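**Q**
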Ligand code: ATP
Ligand code: MG
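Residue numbers (the working numbering): 195 to 764.
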């Protein structure tokens, strides 16, 4: 974690309109020198890349001043859909992203008593009342954009009667659906949110933290601003869909006469092309088993991205670069992939692996000879060192690297072509062995014994260099080739129809260089010439057959495809 922190400071604070506002307030001492933000997830699902953006923003703002603080507050006011599993996953994901909330972990449910006491205060002030009608009736009399609402017949109940009913609601003496507490604001207001909004409904359900203590649960609008106030939050940063909640947010704080109230600031939520970021839809993908779980490497969840091989640094860099806008827009997922490739390129050690093996035998290789090829871990970065990779006379190469009838300028394997096996030897194919079906099963080659290490003693030029894995030393592997989960740029409407049928291809019988066999789960590598991979965090075990997930290809094949078809914005 401390490493991540250092990196984050190095990244610096990006300029964005929220940060500008905070800086201006700090300079003017507008908030009594306080700087408190919060990230308020509802524990009803896993965090996704949109949440990651909000996390980077809120923790980034708190880092603008030494006294800054960002709280993690679980907005746990809907017990039916929330669970401790989600709480744990959220904590883990935020930590993995590189952020530390210290002791500032809070739960809206910790404030249920305070919220309730405040509700009684509003009743006493004549600013809230119990409506004993059904939710349906209440909805019908609320009016709409063109029609004003109609006052409830219970709107002018006495304070005493309201208090009595509210206490009965709380004590569980009234059935679910028989009454709600409403703020008494204005049924004629142009702002629908201000037409006597609900504050409490009766729900006789078990809560994962408060157990059966409560029979009423606060509505989002009642819980949120007051929770901010209890925590001394200065900036309640939320996404744009809450803009029309702001007048109500402020009304409650004013009605309660909260000194130095929190201030709500909205920003445009992140939408990504080829990606769905609605928790409801993500839950559906999981429940209907279109993916293997919340942490399926194709999911845009933080857990899925981690398992896919994303680095926290790449996610933070992406969040910084896309900035913060005042409008909702769609960000090209290519930006996220770019940030990922960029960081992996700098940090992922190279290893060799063959996904679709073809056997290559060197017929003039001295019996029993094993040569140790010395290869750079990170070409261009000497400090990353080198590794030794054993090479016997029999290796696997990629089927794609051989063509029996090769066109001109094909520098890879073909009958008669001399090719470099990286760092090891120069070989020439002399004979192509086929099975009964005509499939190529083996290449018989000779090598130039003066080319140990991969270069000719006489300095002749050999253009083609391919990767290989020694057959005798290879580690067997299952390799999962993940691709985008959706084939449509905008999957938002019929998202199940937009699923990419080729988002996962599982290859077995792959061959990797021996070092991969010893790697811990969750280790990132670049398979040379193929792409970035990570050893699977669940199914890979050191010493066993390797299990690799493809994080991303080396190049953006989608951009190329889109260009070819004349679509897309790249
Ligand atoms: P729900 O549909 O359940 O409300 P949600 O994605 O809004 O889902 P929350 O747990 O309420 O989930 O979100 C926590 C915080 O993350 C909120 O402050 C919300 O504004 C922010 N957030 C959620 N989605 C995005 C997004 N796509 N881009 C930026 N911020 C987001
Ligand atoms: Mg929400």
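C-beta: ideal position from N, C-alpha, C; glycine also. Nothing here was measured: the structure is a model prediction, and the numbers come from that model.
(1) Could you compute how far the alpha carbon of residue 409 sits from the alpha carbon of residue 417?
(2) What separation, rounded to the nearest whole angstrom, lies between the Cα atoms of residue 658 and residue 650?
(3) Grouping DSSP H, G and I as helix and E and B as strand, with all else coil, what is residue 783?
(4) So what does residue 680 bridge to, in DSSP terms?
(5) Does DSSP classify residue 674 as helix, strand or coil?
(6) Could you tell me which whole beta strand (DSSP E) segments of length 3 or greater appear in the region 491-579?
(7) Spatial neighbours of residue 450 within its chain, please: CB distance less than 6 Å, with the 5 preceding and 5 following residues excluded, ordered by chain position.
(8) So which residues put a beta carbon under 5 Å from any heavy atom of the ligand ATP, going in chain order?
(9) For residue 374 and residue 392, which I take to be in contact (beta-carbon distance under 8 Å), what is that distance rounded to the nearest angstrom?
(10) Rounding to the nearest angstrom, what Cα-Cα distance links residue 763 and residue 715 in this structure?
(11) Let's see if you can read the secondary structure: which residues bound the beta strand (DSSP E) around residue 727?
(12) Could you tell me the distance, in whole angstroms, from the CA atom of residue 437 to the CA atom of residue 429?
(13) For residue 351 and residue 444, what's the separation of their Cα atoms in angstroms?
(14) Any beta carbon of chain B sitting closer than 9 Å to that of residue 367?
(15) Please work out which residues of its chain come closer than 8 Å, Cβ to Cβ, to residue 660, disregarding the five sequence neighbours upstream and downstream, and give them in chain order.
(16) Check whether the region 448-464 and the region 236-250 touch, using three or more Cβ-Cβ pairs below 8 Å as the test.
(17) Leaving out the 5 sequence neighbours to the left and right, which residues in its chain are closer than 8 Å to residue 662 when beta-carbon positions are compared?
(18) Work out the CA separation of residue 706 and residue 273 for me, nearest whole Å.
(19) Are residue 678 and residue 492 touching if we call contact CB-CB under 9 Å?
(20) Looking only at its chain, what residues have a beta carbon closer than 7 Å to the beta carbon of residue 302, apart from the 5 residues adjacent to it on each side?
(21) Would you identify the three-state DSSP class for residue 593, choosing helix, strand or coil?
(22) Tell me which residue opens and which closes the beta strand (DSSP E) that residue 290 is part of.
(23) Which residue comes first and which comes last in the alpha helix (DSSP H) that contains residue 362?
(24) If you reduce the DSSP assignment to three classes, tell me which class residue 620 lands in.
(25) Using DSSP's beta-bridge definition, name the partner residues of residue 331.
(26) Rounded to the nearest angstrom, what separates residue 522 and residue 434 at their Cα positions?
(27) Go ahead and pull the three-state DSSP assignment for residue 301.
(28) Going by Cα to Cα distance, which pick from 725, 297, 233, 348 is closest to residue 536?
(29) Which stretch, first to last residue, makes up the alpha helix (DSSP H) that contains residue 440?
(30) Counting beta carbon pairs with one atom in the region 736-743 and one in the region 670-677, are three or more of them shorter than 8 Å?
(31) Helix, strand or coil for residue 767? Go by DSSP, reduced to three states.
(32) Using a Cβ-Cβ cut-off of 8 Å (strictly less than) and excluding sequence neighbours within five positions of residue 255, which residues of its own chain qualify?
(33) Going along the chain, which residues of its own chain have a beta-carbon closer than 8 Å to the beta-carbon of residue 457, five neighbours each way excluded?
(34) Taking residue 414 and residue 364 to be in contact with their CB atoms under 8 Å, please state how far apart those CB atoms are, rounded to whole angstroms.
(35) Within 10 angstroms of its Cβ, does residue 340 collect 16 or more other Cβ (buried), or is it exposed?
(36) Who does residue 410 pair with in a DSSP beta bridge?
**A** On the basis of the coordinates in this document:
(1) For the purposes of this step, residue 409 is taken as the residue at position 215 of the chain shown. For the purposes of this step, residue 417 is taken as the residue at position 223 of the chain shown. In this model, residue 409 and residue 417 are separated by some 16 Å (Cα to Cα).
(2) Here residue 658 corresponds to residue number 464 of the chain shown, with the count starting at 1. Here residue 650 corresponds to residue number 456 of the chain shown, with the count starting at 1. The C-alpha of residue 658 lies about 13 Å from the C-alpha of residue 650.
(3) Missing from the structure shown is residue 783; the chain here goes from 195 to 764 and no further.
(4) Walking along the chain shown from the start, residue 680 turns up at place 486. In DSSP, residue 680 forms a bridge with 693.
(5) Here the question's residue 674 lines up with position 480 in the chain shown. Residue state, collapsed to three classes: strand.
(6) 523-525, 551-556, 565-570
(7) Position 256 of the chain shown, counting from 1, holds the residue named residue 450. Closer than 6 Å at the Cβ level, and outside the excluded window around residue 450, lie 312.
(8) 235, 236, 244, 245, 247, 248, 432, 433, 463, 464, 471, 473
(9) Position 180 of the chain shown, counted from the start, is the residue given in the question as residue 374. Position 198 of the chain shown, counted from the start, is the residue given in the question as residue 392. Going by Cβ atoms, the distance from residue 374 to residue 392 rounds to 5 Å, so yes, they are a contact pair.
(10) Here residue 763 corresponds to residue number 569 of the chain shown, with the count starting at 1. Here residue 715 corresponds to residue number 521 of the chain shown, with the count starting at 1. Legend: pLDDT at residue 763 = 37, less than 50; position of this residue unreliable, value from coordinates given subsequently. Roughly 37 Å between the two C-alpha positions.
(11) As a position in the chain shown, residue 727 is number 533, starting the count at 1. Per DSSP, residue 727 belongs to the beta strand (DSSP E) from 725-729.
(12) Counting from one through the chain shown, the residue named residue 437 turns up at place 243. Counting from one through the chain shown, the residue named residue 429 turns up at place 235. Their Cα atoms are separated by approximately 14 Å.
(13) Taking the first residue of the chain shown as position 1, residue 351 is located at position 157. Taking the first residue of the chain shown as position 1, residue 444 is located at position 250. Each residue's alpha carbon lies about 25 Å from the other.
(14) Going by chain labels, chain B is absent from the structure shown, which holds only one protein chain.
(15) Walking along the chain shown from the start, residue 660 turns up at place 466. Same-chain partners within the cutoff: 591, 592, 595, 606, 607, 613, 614, 615, 616, 723.
(16) Verdict: yes, contact present.
(17) For the purposes of this step, residue 662 is taken as residue 468 along the chain shown, with counting starting at 1. If we look at residue 662 and ignore the five residues flanking it on each side, its Cβ neighbours are 546, 548, 554, 585, 589, 590, 591, 615, 616, 618.
(18) Position 79 of the chain shown, counting from 1, holds the residue named residue 273. Position 512 of the chain shown, counting from 1, holds the residue named residue 706. For the pair residue 273 and residue 706, the Cα-to-Cα distance works out to about 48 Å.
(19) Reading the chain shown from its first residue, position 484 is the one you call residue 678. Reading the chain shown from its first residue, position 298 is the one you call residue 492. A contact, by the Cβ cut-off of 9 Å.
(20) As a first step, residue 302 must be located in the chain shown, where it is residue number 108. For residue 302, the CB contacts under 7 Å within the same chain, skipping 5 residues up- and downstream, are 267, 268, 269, 270, 271, 417, 421 in chain order.
(21) Start at 1 with the first residue of the chain shown, and residue 593 comes out as number 399. The DSSP-derived three-state label of residue 593 is helix.
(22) On the chain shown, position 96 is the one that residue 290 refers to. Note, residue 290: premise wrong, no beta strand (DSSP E); alpha helix (DSSP H) at 278-291.
(23) Here residue 362 refers to the residue found at position 168 when the chain shown is read from its first residue. For residue 362, the uninterrupted alpha helix (DSSP H) segment begins and ends at 353-365.
(24) Taking the chain shown and counting its residues from 1, the one referred to as residue 620 is at position 426. Note: residue 620 maps to strand in three-state DSSP.
(25) Against the chain shown, residue 331 aligns to sequence position 137. DSSP, once it has assigned bridges, lists no residue as partnering residue 331.
(26) Walking along the chain shown from the start, residue 522 turns up at place 328. Walking along the chain shown from the start, residue 434 turns up at place 240. Residue 522 and residue 434: Cα-Cα distance of roughly 7 Å.
(27) Looking up residue 301 in the chain shown gives position 107. Strand, per DSSP.
(28) Looking up residue 536 in the chain shown gives position 342. Comparing Cα-Cα distances from residue 536 to each of 725, 297, 233, 348, the minimum goes to 725.
(29) For the purposes of this step, residue 440 is taken as the residue at position 246 of the chain shown. Taken as a continuous stretch (DSSP letters only), the alpha helix (DSSP H) holding residue 440 covers 440-449.
(30) yes
(31) Lying outside 195 to 764, the shown extent of the chain, residue 767 is not represented and no answer is given.
(32) Taking the first residue of the chain shown as position 1, residue 255 is located at position 61. For residue 255, where only same-chain residues beyond five positions count, the Cβ hits under 8 Å are 212, 213, 216, 229, 231, 262, 264, 429, 431.
(33) In the chain shown, residue 457 corresponds to position 263, counting from 1. These residues qualify, in order along the chain: 428, 429, 430.
(34) Here residue 414 corresponds to residue number 220 of the chain shown, with the count starting at 1. Here residue 364 corresponds to residue number 170 of the chain shown, with the count starting at 1. Contact flag wrong, Cβ pair sits at about 19 Å.
(35) Along the chain shown, read from residue 1 onward, the residue named residue 340 stands at position 146. The residue in question, residue 340, is exposed, as its Cβ has fewer than 16 Cβ neighbours within 10 Å.
(36) Stepping through the chain shown from its first residue, residue 410 is reached at position 216. Residue 410 is bridged to 396.
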